[in-house]
Amino acid sequence: MAENNVILSVQDLHTSFTTDHGEVMAVNGVTFNLNEGMTLGIVGESGSGKSVTAYSIMQILEKNGSIKSGKILFKGEDITRWPEAKMRDFRGKKCSIIFQDPMTSLNPVFTIGWQLKEAIELHTDRKGKAAEDRAIEMLKLVGVNEPEKRIHQYPFEFSGGMRQRVMIAMALACEPDILIADEPTTALDVTIQAQILELMQDLQKKMKMAIIIVTHDLGVIAQMADEIIVMYGGRVCERGTAEDIFYRPAHEYTKGLLRSIPSVDKIGQRLVPISGTPINLLNLPKGCAFCPRCDQAMKICLEQQPPETRTIDGHLSSCWKAIEEEAAAGLIDLTGPDGKPEDTSKLAEVSEKD
Amino acid sequence: MFKYIVKRILLAFVTIFIVCLITFFTMNAIPGGPFAGEKAKSPEVQAALERRFNLDKPVGTQFLLYMKNLAHGDFGISAKTGREISATIGTKFKVSARMGIFAVILAVIQGVFFGSIAALQRNKWPDRVIIFVSTLFTSLPSFVLGSFLLVIFSVKLGWVQAWSPQHQSLILPVLSLAAYPAAYITRLTKTSMLDVLGQDYVRTARAKGVRSSKVLFVHTLRNALIPVVTYVGPMIASILTGSLVVEQIFTVGGLGNEFVQSITNRDYPMIMGVTIFLAVFMVTMNLLTDIVYKLIDPRITLE
Amino acid sequence: MGIEKESYNPDQTPKKHALSLQLDVSKFEKATDEEKKQADVMSESSSFFRDGMKKLRKNPLAVFSIIVLIIILATIIIAPHVVPYSYSQIITVDGRRDKSATNMAPFTYSKMEQAYMAKGGKVFPHIMGTDELGRDYFIRVVYGTRISLSVGVFAALIVLIIGILYGSVSGYYGGKVDLIMMRIVDVIYSLPDLLMIILLSVVLNEVIKPSGNGFLAKLGTNMISLFIVFGLLYWVGMARLVRGQILTIKQNDYILAAKVSGAKGSHIIRRHILPNSISVIIISAALQIPSAIFTESFLSFIGLGVKAPMPSLGSLASAARSGITTYTYKLIFPSIMIGLITLAFNLLGDGLRDAFDPKLRR
Chain A
4 MAENNVILSV QDLHTSFTTD HGEVMAVNGV TFNLNEGMTL GIVGESGSGK SVTAYSIMQI
64 LEKNGSIKSG KILFKGEDIT RWPEAKMRDF RGKKCSIIFQ DPMTSLNPVF TIGWQLKEAI
124 ELHTDRKGKA AEDRAIEMLK LVGVNEPEKR IHQYPFEFSG GMRQRVMIAM ALACEPDILI
184 ADEPTTALDV TIQAQILELM QDLQKKMKMA IIIVTHDLGV IAQMADEIIV MYGGRVCERG
244 TAEDIFYRPA HEYTKGLLRS IPSVDKIGQR LVPISGTPIN LLNLPKGCAF CPRCDQAMKI
304 CLEQQPPETR TIDGHLSSCW KAIEEEAAAG LIDLTGPDGK PEDTSKLAEV SEKD
Chain B
98 MFKYIVKRIL LAFVTIFIVC LITFFTMNAI PGGPFAGEKA KSPEVQAALE RRFNLDKPVG
158 TQFLLYMKNL AHGDFGISAK TGREISATIG TKFKVSARMG IFAVILAVIQ GVFFGSIAAL
218 QRNKWPDRVI IFVSTLFTSL PSFVLGSFLL VIFSVKLGWV QAWSPQHQSL ILPVLSLAAY
278 PAAYITRLTK TSMLDVLGQD YVRTARAKGV RSSKVLFVHT LRNALIPVVT YVGPMIASIL
338 TGSLVVEQIF TVGGLGNEFV QSITNRDYPM IMGVTIFLAV FMVTMNLLTD IVYKLIDPRI
398 TLE
Chain C
579 MGIEKESYNP DQTPKKHALS LQLDVSKFEK ATDEEKKQAD VMSESSSFFR DGMKKLRKNP
639 LAVFSIIVLI IILATIIIAP HVVPYSYSQI ITVDGRRDKS ATNMAPFTYS KMEQAYMAKG
699 GKVFPHIMGT DELGRDYFIR VVYGTRISLS VGVFAALIVL IIGILYGSVS GYYGGKVDLI
759 MMRIVDVIYS LPDLLMIILL SVVLNEVIKP SGNGFLAKLG TNMISLFIVF GLLYWVGMAR
819 LVRGQILTIK QNDYILAAKV SGAKGSHIIR RHILPNSISV IIISAALQIP SAIFTESFLS
879 FIGLGVKAPM PSLGSLASAA RSGITTYTYK LIFPSIMIGL ITLAFNLLGD GLRDAFDPKL
939 RR
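This is the structure we're talking about:
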C-alpha cells in the first residue's frame, strides 16, 4: 500500500491529565496509520487510552489533559502544531467524531435542526435555507423519518438510536475525510447496534471516508474493522487484521481478551476472565503494563517494555512471551549483535501487507 | 402547559389564603385587640372604633368581612394614622420597588459575570478570589453591610448623601441590597456552569468546530442559566425582606420602613396589610419564575 | 506476506534481531506472584471517608474555618470564667459601681479604675471597651456569640430532625402518602418565611409569657417563637432534600436486593438509605446554622430578638447603630463575629461538600 494513501498518521503519541492525585498517563506512545477509506478498530478495556487517543486527534481533551509529545499527521501535516483557528476547521470538516452516549451528546435546549444547521453553516457555504435543506437531506440519509418535521423537535423527543443517527448525520454533514466513532453503539440496544453499524458502513462506501472505531466490543470490531490495534495501559500491544487478532493472537492480553468473550463455539466451556484490575495510570510499571495480570509473566516483563516485533505469521505484537516463543523456535536471535531497534512506524506499514 | 399553569395558580391562591388565615388569626390572638395600650378612651369612642373595625362581630365573621374587603383591594385603615392602608402601601411600594429593581439587575449581571469567570478559571486565582469574596458577602447580614457602607461612604468620606425625600440617592441601599443575591448568584452560576461544561454536548459542540466563545455563550451559558432563573423568584423575596432593614438604615421611606414602623407601633391592621401584600407579591413572583423556567427548558415535560 | 515469511524458515540462520539490547536469557524465567505484585503499583486504596478527610485536610479554607470555629468555641467557653465582668451588670471597681465607665474605647480605663490601679489594685482590661450602660463589651460579645451559636445549632437540629422524619417517610412510602405530604410542603415552602416569623414573633411575644428562670425564659419569647417558626416552616427544604435523596437511592439495585432478601422498610431506611444520603444531609444541616444565625440577627435588628439584658450578636449590632459615627467599634466587633461564624460555617460546608458529596467525585 503506497505511502500517499495514508490520511492520518499518529506517531508516538503521549497524552496525560493532571489531577489531584498526580499525572494520569493515559496514552503512552501510540503509533498507527489510517488509510483512506479504510476502517481502523481500536480495542481495549476501560482506561486503556483508546478514547483519549481519539480525543487527542480531535484535540477536544478535557482542560486538564494535554498532548505531551508525538505527532499527528493529517495528509502529512502535523495538526498538533496547528493554531486553534485552523484546528476548528479540522474538526467537523476534515474529521468528525460521534460519541458513546447519544442521550447526552446533543444539547437539550436546542432543536435538532438548529444543531445540524450550526455544523453545516460553520463549514460550508450553505447558509439559512440551504443549510436547512442539507440538514433534512442528511437526516433522510441516516434514516430519520419525516425529517422536515423532526428538525423542529428537541433531542428529548428522540429515542437513543434516533439520536445516534442524528449525531451521525451531524458528523457527516460536511463530508469529512475521517469519522471517529467512540463507542458508537455501547449505549444502544443490540438490535439498534446492528442498524447503526450497518448505517456507518453504508455511508462509508457512499462518502468514501476513513473510520476509526473505538470500542471494547470485540464483536463490533470484528464486523467493522479492516485493521485492529489492541491497547492496554495507553500502549499498543498488538496490531493486525481481524483474522490475525482473532485467530492468531500473539500478545497474552489479546489472548486473555478472546478467552473472556462468550461465543457459540464455546458452549459448555467456562469463560476465563482476566484476573486482577486494570492498570493504575498514575504509576505505570517499568516493564510491560499488562504483566501484573499476566499468567505467563516473566522476569524480563517486569523490567523492560517489550518492543514491537513481528509474529510468525507476520503481524505485530509487543510481548516478551511471544518473543520467547519465537526464539525457542529458533526464529529470532535474542542475544544477537548490534543493530537498531526497528522503527515501529515502519513495522506498522509492513503489517498492512499481511 | 395550560393545565400546569392552572395548577400552579390554584396553589398560589391556596398559599395566599393560608397567609391571610395565619395573619388574621394570629393578629386576633393578641389579647386586648389593636386599641389596647392606647390612651384611655371613653366607652362610646371605644365602641365606635370597634364597630368601625368590625371588632364587635365574631372572629369568623370578621375574617370573612376582611377577606371580602381584601378582594376589593381594601386593606382597611391604619390604627395609628387612620389613613387608607392600600394608599400607603401604594406610595411606599413605589420607592421600594425602584430600589429593588436596581438591586435585582445589579445582582444578576454581577453574579452571572463573576460566576462564569470563576467556572472558566476553575482552581486558578480568579476563581479562588471570586469565590472567597462571594462567600464573604453571603456571610454578612445586609444590615451589617449597610451600616458599614453608611459609615464609610456617607459619614466618614462624605461621598454619598444619605437618602432623603429631596435627595433620593439609591447607590448605597442598592449596593447593600444586591450584595447577598449577587454573591449567591455568583456561586450558583459557577456550580451550574461547571456542571454544564462537563456535559457531553459541550464536547460535541467543540468537536463540531464551533469557536470557543460561541461554545461558551450559546451552548454553555444558556443551559447554565436555567438554575439561575429559578433563583430569581426567591431572590426577589430576599431583596424585599432585606429591604426591611436596609430602608431602616438608610432611612429610605419605602414599604420596608413602613413595615418595621408598624411593628414598633403595634399597628396591627398595617402589619396585616403589608404582610399580605408582600406575600401576594412573592407568591406571584415565584409563580412567574416557575412558568418561565418551564418555558426556557424544553426538557421539562408539562403535566 | 510471502517475502516476509521466508525469513521465518527455521532451517536458515535467523537474520532478524529482536533488538539492539543485549538480553540476559535467564531473565526469561517465570516471574513469581510477589514480583508481579511489586510491579503493580496500586494507588493507595482508600475508603470513602478517608479519601474525603484527606481532601478536606488539603482544603486550606476548610481547615481555616475549623480552626476559627474551635477558637471561637474555646473563647466563649473559657472567657466567662476568666473575665471578671458580667454581661448584665455595670462594671464595679473595688466593690463600687462605676457609672462613669460608659462608652469607653478598647483597652482604656475609667477614672475610678485608674485611681484603683494607682493604689495597686488590678483591673482586667476592657478588651472591646464598654457599652453605653458601662458594661464590659467583650463579655457581652462573648455571651452574644454563645446565644447566636446556640440558636443556630438548635434551629439546625430542629430542622434536621423534622426534615429527616418527614422526608424519609414521604420518600420511602411514595404514592398517595408522598403526594399529600409534598403538597403540604409545597404550600409551606411558598409561604414568605421571614414575614411569617416576624408576624408570629409579634404575636407570640404578646401571648406567651414563659414562667420560671430557665434558659428559655432568659432568652425571651422572641427566641421561643423563632424556634417554633423554625419547627413550623424551615424544615421543608430539608424534607425535600431528604425525599429527593431517598427517591434517587431507592432506584438503586441494592435496595431491590435488600427487599428481595426480606428486609423491612425501617431496616432499609436505616441501613441502606440514610448512610448513603447522610453526607448530603449533614452538609445541608451545617449550612442551616449560618442561615439561622442570620435570621436571629435580622429579628434582633428590627427589635424582635432576644430579651434584654441578654445580648445576641444581632441585638448588639443593632444597638450599636445609634452611636455609629462615634463608637464604630461597637458595630465592628459583633459584625465581625457574625461574619466570621457564618463565613466559617459556609466555607466548612463547601469544603465538606467538595470532599464528601458523591456526586462531585470523579
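Protein chains in written order, with my numbering: chain A, 4 to 357; chain B, 98 to 400; chain C, 579 to 940. Yeah, the Cβ is synthetic: ideal placement off N, Cα and C, and Gly gets one too. Small disclaimer: the values here were computed from a predicted structure and weren't measured.
{"Check": "Cβ of Met95 of chain A within 8 Å of any chain B Cβ", "Outcome": "The question names Met, but residue 95 of chain A in the sequence shown is Gly. Yes - at least one Cβ of chain B is within 8 Å of the one on Gly95 of chain A."}
{"Check": "contact_flag[the segment 375-390 of chain B, the segment 228-237 of chain B] where n(CB pairs < 8 Å) is 3 or more", "Outcome": "no"}
{"Check": "Residues that Lys539 of chain C contacts on chain A, provided the C-beta gap is smaller than 9 Å", "Outcome": "For chain C, the structure presents residues 579 to 940; residue 539 of chain C sits outside this window and is missing."}
{"Check": "Residue interval of the alpha helix (DSSP H) (run including Val358 of chain B)", "Outcome": "For clarity, residue 358 of chain B is Gln in the given sequence; the question names Val instead. That run of the alpha helix (DSSP H) goes Leu352 to Thr361."}
{"Check": "Nearest-angstrom beta carbon gap, Val820 of chain C and Ser746 of chain C [assumed within contact, 8 Å]", "Outcome": "6 Å"}
{"Check": "C-alpha distance - Asn286 of chain A paired with Asp220 of chain A, whole-angstrom precision", "Outcome": "27 Å"}
{"Check": "Nonlocal neighbours in the same chain, by C-beta distance under 7 Å from Gly279 of chain A, ignoring five residues either side", "Outcome": "Pro295 and Arg296"}
{"Check": "Nearest-angstrom Cα separation, counted from Asn637 of chain C out to Ile368 of chain B", "Outcome": "47 Å"}
{"Check": "Spatial distance of Leu599 of chain C from Leu260 of chain A (CA atoms)", "Outcome": "At Leu599 of chain C the pLDDT is 47, less than 50, meaning the model places this residue with poor confidence; the figure from the coordinates comes in the next sentence. Taking the straight line from one Cα to the other gives about 30 Å."}
{"Check": "Beta-carbon gap between Arg168 of chain A and Leu202 of chain A smaller than 8 Å", "Outcome": "yes"}
{"Check": "6 Å CB neighbourhood of Glu345 of chain A in its chain, flanking five on each side removed", "Outcome": "Any reading at Glu345 of chain A must be qualified, since the residue scores a pLDDT of 41, below 50, and its modelled position is unreliable; the value itself is stated next. So no residue of the chain qualifies."}
{"Check": "Beta-bridge pairing of Glu26 of chain A - partner residues as DSSP gives them", "Outcome": "A:Thr21"}
{"Check": "Delimiting residues of the alpha helix (DSSP H) encompassing Ala304 of chain B", "Outcome": "Asp297 to Lys305"}
{"Check": "Min CB distance Val389 of chain B to chain C below 8 Å", "Outcome": "no"}
{"Check": "Proximity below 8 Å, CB of Ile232 of chain A to CB of Val239 of chain A", "Outcome": "yes"}
{"Check": "Exposed unless 16 or more other CB atoms sit within 10 angstroms - verdict on Pro288 of chain A", "Outcome": "buried"}
{"Check": "Coarse secondary structure for Met234 of chain A, derived from DSSP in three states", "Outcome": "strand"}
{"Check": "Test: Asn36 of chain A CB closer than 8 Å to a CB of chain C", "Outcome": "no"}
{"Check": "Cys240 of chain A (DSSP reduced to helix, strand or coil)", "Outcome": "strand"}
{"Check": "Chain B residues whose Cβ lies nearer than 7 Å to that of Thr920 of chain C", "Outcome": "Ser236"}
{"Check": "Proximity to Leu269 of chain B [Cα-Cα], best of B:Thr372, B:Leu384 and B:Val342", "Outcome": "B:Val342"}
{"Check": "Straight-line gap, Ala122 of chain A to Ala302 of chain B (C-alpha atoms, nearest Å)", "Outcome": "9 Å"}
{"Check": "Proximal residues of chain B, C-beta to C-beta of Ile916 of chain C below 7 Å", "Outcome": "Pro238 and Val241"}
{"Check": "Phe293 of chain A (DSSP reduced to helix, strand or coil)", "Outcome": "coil"}
{"Check": "DSSP beta-bridge partners of Val671 of chain C", "Outcome": "C:Arg674"}
{"Check": "Any C-beta of chain A under 8 Å from that of Pro366 of chain B", "Outcome": "no"}
{"Check": "Strand pairing of Thr218 of chain A, partner residues [DSSP]", "Outcome": "A:Val46"}
{"Check": "Boundaries of the alpha helix (DSSP H) in which Phe72 of chain A is found, first to last residue", "Outcome": "Residue identity check: residue 72 of chain A is Ser in the sequence provided, not Phe. Element bounds for Ser72 of chain A: not the alpha helix (DSSP H) but the beta strand (DSSP E), Gly68 to Phe77."}
{"Check": "Distance cut-off 7 Å: Lys287 of chain B Cβ against heavy atoms of the ligand FAD", "Outcome": "Ligands in the displayed structure: none, and consequently the ligand FAD is not present."}
{"Check": "Listed by chain order, chain B residues near Ile63 of chain A by CB distance under 7 Å", "Outcome": "Arg300, Arg303 and Ala304"}
{"Check": "Chain B residues whose Cβ lies nearer than 9 Å to that of Gly881 of chain C", "Outcome": "Val357, Ile360 and Thr361"}
{"Check": "Residue-level contact to chain A via CB, Asp224 of chain B, 8 Å cutoff", "Outcome": "no"}
{"Check": "Assigned exposure category for Asp180 of chain A - 16 Cβ within 10 Å defines buried", "Outcome": "buried"}
{"Check": "Integer Cβ distance of Val248 of chain B from Met332 of chain B, believed to fall under 8 Å", "Outcome": "That pair is no contact at about 27 Å."}
{"Check": "Min CB distance Thr904 of chain C to chain B below 8 Å", "Outcome": "no"}
{"Check": "Pair within 8 Å by beta-carbon distance, Gly892 of chain C and Ser869 of chain C", "Outcome": "no"}
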